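Sequential numbering of the sequence shown, starting at 1, is according to the UniProt record's numbering. These notes concern the structure reproduced below.
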Amino acid sequence: MDEWWNRVPLAQLDQRQWEALCDGCARCCLHKLEDADSGEVFYTRVHCGLLDAQSCRCRDYAHRQELVPDCVALTPDNISDLDWLPSTCAYRLRARGLPLPPWHPLVSGDPESVHRAGISIRGRSIADEYVHPEGYDEHVIAWVR
Numbered sequence: 001m002d003e004w005w006n007r008v009p010l011a012q013l014d015q016r017q018w019e020a021l022c023d024g025c026a027r028c029c030l031h032k033l034e035d036a037d038s039g040e041v042f043y044t045r046v047h048c049g050l051l052d053a054q055s056c057r058c059r060d061y062a063h064r065q066e067l068v069p070d071c072v073a074l075t076p077d078n079i080s081d082l083d084w085l086p087s088t089c090a091y092r093l094r095a096r097g098l099p100l101p102p103w104h105p106l107v108s109g110d111p112e113s114v115h116r117a118g119i120s121i122r123g124r125s126i127a128d129e130y131v132h133p134e135g136y137d138e139h140v141i142a143w144v145r
């Protein structure tokens with residue numbers, strides 16, 4: 001089997017390969033808080049309103065940046081600068097030259113493996129429409145690293 005995901009550098013991936021690298025965990029869709037003094041980032045269980053929390057996929061991926069101005073598009077050029085991405089993120093792993101974990105759908109061949117492994121936010125988040133932005137600190141979580 002050609003494990004292109006562990007072999008081809010991020011900058012050389014075509015669009016199909018780039019999109020396939022996403023494991024569908026939706027951790028990047030969680031709202032984060034940054035400590036103004038230390039710069040430390042804290043994840044909350046509050047997810048973007050565009051996220052379908054069951055599938056862990058964006059409801060309007062093509063227009064997400066127009067609809068959510070602070071949505072960050074991951075690119076080969078910026079991935080190394082996005083320290084807030086979870087340590088399990090395939091883009092972050094590959095940018096550091098690390099292989100994908102066994103639960104990643106490209107490795108397992110099963111898109112549900114990320115959910116079974118407990119990596120995704122499925123069943124553990126709440127839409128931002130139900131939380132006042134000043135109340136995000138009440139939803140800080142420790143299960144994303």
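Even for Gly, the Cβ is constructed at its ideal location relative to N, Cα and C. Source: prediction; values computed, not measured.
- With respect to the 9 Å criterion, Leu30 and Pro76 are not classified as neighbours on the basis of their beta carbons.
- About 7 Å separates the beta carbon of Ile121 from that of Cys25, a gap short enough to meet the 8 Å contact definition.
- Look at Ala127 here: in three-state DSSP terms it is strand.
- Close CB contacts of Gln65 within its chain, under the 8 Å cut and outside five residues either way in sequence, are with Cys71 and Ala73 (chain order).
- Assignment of Arg96 by DSSP, reduced to helix, strand and coil, places it in the coil class.
- Your pair Ala95 and Leu10 checks out as a contact, with CB atoms roughly 6 Å apart and the cut at 8 Å.
- Taken in chain order, the complete alpha helix (DSSP H) segments of 4 or more residues contained in the segment 26-90 are 64-67.
- In its chain, beyond the 5 residues on either side, Ala127, Asp128 and Glu129 have a beta carbon closer than 7 Å to the beta carbon of Gly49.
- Less than 9 Å separates the beta-carbon of Val131 from that of Glu138.
- If you draw a straight line from the Cα of Ser80 to the Cα of Cys89, it is about 12 Å long.
- Under the DSSP assignment, Val107 falls in the alpha helix (DSSP H) whose first and last residues are Pro105 to Ser108.
- A distance below 6 Å between beta-carbons, with the five flanking residues on each side excluded, links Val41 to the following residues of its chain, in chain order: Lys32, Glu34 and Trp84.
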